[in-house]
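Input: a single structure, listed below in structure tokens.
Numbering (this note's numbering), first residue to last: 6 to 519.
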């Protein structure tokens with residue numbers, strides 16, 4: 006016989022309608038009716054403090070805690086005294102100024118973009134400060150190993166897209182804000198990179214087209230000065246001499262910064278992707294040509310070993326490379342009195358017995374003005390130059406006056422085409438004098454090199470000329486037509502470029518500047 010079903014739980018209604026259940030396990034002595042409910046207070050969602058803060062003036066409210074200070078410090082440097090700053094210098098953990106001093110110092114220098122890092126988005130240009138990733142996962146490990154091996158890790162980067170001092174003529178408000186944002190984003194990105202790496206590193210970023218821009222050696226020279234100053238301080242700290250003696254040693258150390266002994270050149274190196282390599286195919290994928298050879302040329306300028314990122318981090322074999330301008334084609338030749346003052350590659354230039362007009366034809370930077378000062382000025386020729394007189398009309402007027410006075414004249418202008426040269430041929434006919442042409446066959450790459458050397462070295466720039474834009478060279482060669490005797494010239498002398506100068510002048514000229 007089945008057992009009777011358990012008695013259902015009884016539900017009893019309290020006086021105020023409260024529902025209480027009593028189950029089978031309930032004690033029979035429990036009261037039948039539950040006690041009356043207590044009134045519960047709802048906890049306020051807004052505290053008195055919050056209410057009070059709402060009505061507190063902003064100036065009296067507590068400030069939020071500040072984020073921890075960044076370990077990256079920034080400074081700006083100028084290419085010369087009195088000029089605006091164009092070099093950004095970031096140091097992490099003290100950078101080149103805090104490392105233990107072991108002379109000479111081994112330097113492991115790297116380019117930044119496409120060498121140490123690349124964009125995380127895969128795009129050519131970063132979309133913001135956070136759009137970066139290591140170029141290869143082995144990069145940070147390799148840099149830390151270099152640090153452990155006693156190398157000073159340095160970063161040299163060209164950042165032509167940044168402007169520390171926007172041009173007032175182009176300084177619309179929107180552009181100014183955009184320029185400031187670019188600089189701020191770059192600093193944020195560098196802070197992220199250096200913080201992730203966590204090593205004492207100094208980063209140099211050239212923003213202008215001055216002596217700091219690679220392959221020019223300005224950033225390297227700043228590094229040497231920093232390291233040399235650190236060595237001077239180290240020697241000063243070791244000295245037990247009086248304060249005056251210590252100051253003397255610091256001064257001596259400052260001179261030592263230019264000494265090659267500061268850097269262990271034989272064991273230092275530079276890694277960069279601007280290496281002059283042509284386009285190729287690797288692992289079935291096309292690889293574009295390098296945009297320049299500036300990184301390889303910087304290493305050549307300072308005399309250290311060079312490697313590409315693929316060679317250094319991945320162990321790949323070196324690829325072929327080319328230079329548009331190669332210093333091997335222009336070795337130094339000790340000038341003799343003959344070659345330095347009276348001859349050209351085409352032979353001696355002989356002055357005519359009667360007044361004459363000599364028309365130069367050649368691109369900017371071909372060596373025309375130097376040729377005049379070296380070869381023709383000593384022979385008594387008068388020089389007419391549009392850079393000096395500013396207009397073609399003034400040049401024609403000045404040349405006519407010299408010819409009327411019985412002097413021979415050199416027209417030191419580019420004169421690229423027959424129409425321009427015809428102005429001078431007609432002037433010579435009117436003056437009743439012979440007209441000759443000197444044609445400078447200097448290559449475009451050599452002309453641009455000469456222009457950069459001239460603009461950045463006062464000792465080689467007697468006319469105080471500024472660097473020319475690329476359009477000035479392209480404009481000449483687009484208009485150029487080879488001079489012909491049929492234009493009315495009595496003779497045409499071709500001059501192939503060859504450096505003529507002292508060893509000290511070649512030390513400046515004989516570097517890569519572009």
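Idealized CB from N, CA, C, for every residue including glycine.
For residue i and residue j, what's the separation of their Cα atoms in angstroms?
{"i": "residue 118", "j": "residue 462", "result": "29 Å"}
{"i": "residue 312", "j": "residue 474", "result": "31 Å"}
{"i": "residue 505", "j": "residue 375", "result": "9 Å"}
{"i": "residue 392", "j": "residue 486", "result": "22 Å"}
{"i": "residue 134", "j": "residue 514", "result": "39 Å"}
{"i": "residue 200", "j": "residue 395", "result": "53 Å"}
{"i": "residue 271", "j": "residue 164", "result": "28 Å"}
{"i": "residue 386", "j": "residue 232", "result": "51 Å"}
{"i": "residue 166", "j": "residue 185", "result": "11 Å"}
{"i": "residue 327", "j": "residue 333", "result": "12 Å"}
{"i": "residue 75", "j": "residue 196", "result": "8 Å"}
{"i": "residue 496", "j": "residue 434", "result": "15 Å"}
{"i": "residue 338", "j": "residue 512", "result": "12 Å"}
{"i": "residue 193", "j": "residue 110", "result": "29 Å"}
{"i": "residue 80", "j": "residue 90", "result": "10 Å"}
{"i": "residue 470", "j": "residue 321", "result": "44 Å"}
{"i": "residue 189", "j": "residue 301", "result": "29 Å"}
Is residue i buried or exposed, if buried means 16 or more other CB atoms sit within 10 Å of its CB?
{"i": "residue 426", "result": "buried"}
{"i": "residue 406", "result": "exposed"}
{"i": "residue 291", "result": "exposed"}
{"i": "residue 421", "result": "buried"}
{"i": "residue 296", "result": "exposed"}
{"i": "residue 454", "result": "buried"}
{"i": "residue 380", "result": "buried"}
{"i": "residue 212", "result": "buried"}
{"i": "residue 96", "result": "buried"}
{"i": "residue 288", "result": "exposed"}
{"i": "residue 127", "result": "exposed"}
{"i": "residue 323", "result": "exposed"}
{"i": "residue 367", "result": "buried"}
{"i": "residue 516", "result": "buried"}
{"i": "residue 404", "result": "buried"}
{"i": "residue 286", "result": "exposed"}
{"i": "residue 22", "result": "Confidence is the limiting factor: at residue 22 the pLDDT is only 37, short of 50, which leaves the residue's position unreliable, though a coordinate-based value still follows. Flag for residue 22 reads exposed."}
Cutting at 7 Å between CB atoms, please list the residues of its own chain near residue i, excluding the five before and the five after it.
{"i": "residue 451", "result": "330 and 502"}
{"i": "residue 120", "result": "140, 276, 277, 278 and 314"}
{"i": "residue 158", "result": "113, 148, 151, 152, 204 and 206"}
{"i": "residue 369", "result": "419, 452, 456, 473, 477, 478 and 481"}
{"i": "residue 335", "result": "504"}
{"i": "residue 107", "result": "155"}
{"i": "residue 187", "result": "166 and 167"}
Less than 8 Å between the CB atoms is what I'm expecting for residue i and residue j, so what's the real figure, rounded?
{"i": "residue 267", "j": "residue 371", "result": "About 38 Å separates the two Cβ atoms, so there is no contact after all."}
{"i": "residue 360", "j": "residue 438", "result": "5 Å"}
{"i": "residue 269", "j": "residue 84", "result": "Not really, about 27 Å apart at Cβ, beyond 8 Å."}
{"i": "residue 209", "j": "residue 307", "result": "Not a contact, Cβ separation roughly 13 Å."}
{"i": "residue 389", "j": "residue 364", "result": "The Cβ separation is near 10 Å, so there is no contact."}
{"i": "residue 507", "j": "residue 444", "result": "With a Cβ gap of about 27 Å, residue 507 and residue 444 do not count as contacting."}
{"i": "residue 284", "j": "residue 298", "result": "So it is not a contact: roughly 14 Å between Cβ atoms."}
{"i": "residue 494", "j": "residue 440", "result": "6 Å"}
Skipping 5 residues on each side, what residues in its chain have a beta carbon closer than 8 Å to that of residue i?
{"i": "residue 518", "result": "220, 221, 454, 457, 458 and 461"}
{"i": "residue 479", "result": "none"}
{"i": "residue 145", "result": "139, 201 and 202"}
{"i": "residue 377", "result": "365, 386, 388, 415 and 417"}
{"i": "residue 224", "result": "92, 161, 209, 211 and 217"}
{"i": "residue 125", "result": "135, 136, 137 and 138"}
Residues in its own chain within less than 6 Å of residue i by CB, not counting five upstream and five downstream?
{"i": "residue 274", "result": "309 and 310"}
{"i": "residue 413", "result": "360, 361 and 386"}
Within the segment 311-389, ranges of the beta strand (DSSP E) (whole runs, at least 3 residues): Counting only runs of 3 or more, we get 361-366 and 387-389.
Whole runs of the beta strand (DSSP E) within the segment 129-172, excluding any shorter than 3 residues: 156-163
Could you give the uninterrupted runs of the beta strand (DSSP E) lying entirely in the segment 278-304, keeping only those of 3 residues or more? The segment 278-304 contains, as complete beta strand (DSSP E) runs of 3+ residues, the segments 285-287 and 290-292 (chain order).
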